[in-house]
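Structure first, then comments.
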Amino acid sequence: MNDLSYDVLIKGGEIVDPSQNLRSTRDLAICGRQIARVDNSISPTDAKYIIDARGLYVVPGLIDLHAHVYPHHIPLGLDADTICIAGGVTTVLDTGSAGSNNFSGFRTDAVDRAQTEVLALVNLSRIGLVASELGELMDRRNADIDGVVRIIREHPDVAIGVKIRASRHIIGEGEQGWANFLDAVAAARKSETWLMVHIGESPMPVPEMLPHLEAGDCITHCFKGHSERILDGNDTVFEEVREAADRGVIFDVGHGAGSFQWEVAEAAVAQDFEPTTISTDLHTGNVHGPVYDMPTTMSKFLLLGLSLERVVELSTTRPAEVLGRTGDLGTLQAGTVADVTLLEERSGRFIFTDSYGRHRTGERLLISAGMVRNGEIAPGGGGLRMRHLADGK
């Protein structure tokens, strides 16, 4: 590496990189689109741009494994760059906004125009979430196994799996509900990818779904309240849920506007059942609360007692594994893609709200202070929309 050859130098930050079991104050240098060097001290005269990261955490670029980024075309859709830059997210997975009939348009209008890396799950429903409020699989004719397989084969760099929202008001009850669910499983197997299943008010109990899921498949909204939870009637984690997690089924947070309840999360964590990945399920109905962004969602797990290192791992390293991108994303190792997020930790008394209007008070709030995406410094940050001071202080 020649002198004056670093494009960006992030200096003096506390690097938190679970992929390397590293937490230490270091400098990080970027050349082109790759992380070039992590060292105790790197001369600022060697870099074109310098970011003073003193007092900040420097972590791998955050990966949001559940969001909806198809604006203007579906009722829930947000602009990927707008929400991701504000929240420090460098890679986002759109979870089923588009199906076989509109995926090409989704790619042209949303994916290819974004600076953020956007990956996607293909909805079993051919119409995706265009009429999400009506239930995209209430009409069985919308279930399109062959179309899902075709789209994944035509867009292998973007379309990486299958999505079904398995709630009775979306897929139907009884025989119809099971038929749609099993079609989604079949689409994942035939496409040789993986399946994400949205749970809650489902036509079948979660333990009955799990025998159909393989390692790498995913249950999202894992801390949802009300009916068909991961907890039984005594608020105990189902043994079938533990067994599924042990054999590699992913349990993703997917906070959303109706899919994260404090009591469920608290009970699960108290029983040593943590999520596999932290994600937001950001959409138009929750971007201004209670979700806001990834760092706010991560802060809720600090409140639940998880360590900072663990929270960062569930937001970077583990999602990268789910995406099959270990050694590429979710790490700050030299030679990997230069996706880096700067987090500021505020101390105080902050009100955090779940999807059901229940509040908890925490003392730590993470805020995105900036990020580098694919070697480029992204303008802007998170602001303070998510800060709600407790007791007026």
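Under my numbering, think of the first position of the sequence shown as 694, with each following residue one higher.
A virtual CB, placed ideally from N, CA and C, is assigned to each residue, including glycine.
- request: Take every Cβ of the region 715 to 728, pair it with every Cβ of the region 1015 to 1033, and state whether three or more of those distances are shorter than 8 Å.
  value: yes
task: Give the DSSP bridge partners of L812, in chain order.
output: L786
query: When DSSP labels each residue in this structure, what does F799 get in the three-state scheme?
result: helix
field: Cβ neighbour criterion (16 or more within 10 Å) applied to K704
entry: buried
- prompt: Residues bridged to E1069 by DSSP?
  reply: R1066
7 Å Cβ shell around D745 - same chain, five flanking residues per side excluded: Correct list, in chain order: K704, G705.
- prompt: Applying the criterion that 16 or more other CB atoms from any shown protein chain within 10 Å of the CB defines a buried residue, is H919 buried or exposed?
  reply: Note on H919: under 16 other CB atoms within 10 angstroms of its CB, so exposed under the neighbour-count rule.
message: My assumption, with CB atoms under 8 Å, is that R922 sits in contact with V899. Please give the rounded CB distance.
response: Rounded, the Cβ-Cβ distance is 7 Å, consistent with contact.
- prompt: Could you give the C-beta distance for W887 and C911, rounded to a whole number, given that I count them as a contact under 8 Å?
  reply: 7 Å
- prompt: Can you round the beta-carbon distance between L830 and N873 to whole angstroms, since I take them to be within the 8 Å contact cut?
  reply: That belief holds up - the Cβ atoms of L830 and N873 are roughly 5 Å apart, short of 8 Å.
- prompt: Looking only at DSSP bridge pairs, what is R716 linked to?
  reply: V709
task: On a CA-only basis, which of L1025, L1077, T1046 is nearest P753? Give me that one, please.
output: L1025
- prompt: So, helix, strand or coil for D845, using DSSP?
  reply: The residue asked about is misnamed: residue 845 is Ile in this sequence, not Asp. It is helical.
task: Look at L1007 and T969 and say whether their C-beta atoms are less than 9 Å apart.
output: yes
field: Residue interval of the alpha helix (DSSP H) (run including I864)
entry: 861 to 864
message: On the criterion of 16 or more Cβ atoms from any shown chain inside 10 Å, does Y742 qualify as buried, or is it exposed?
response: Y742 comes out exposed.
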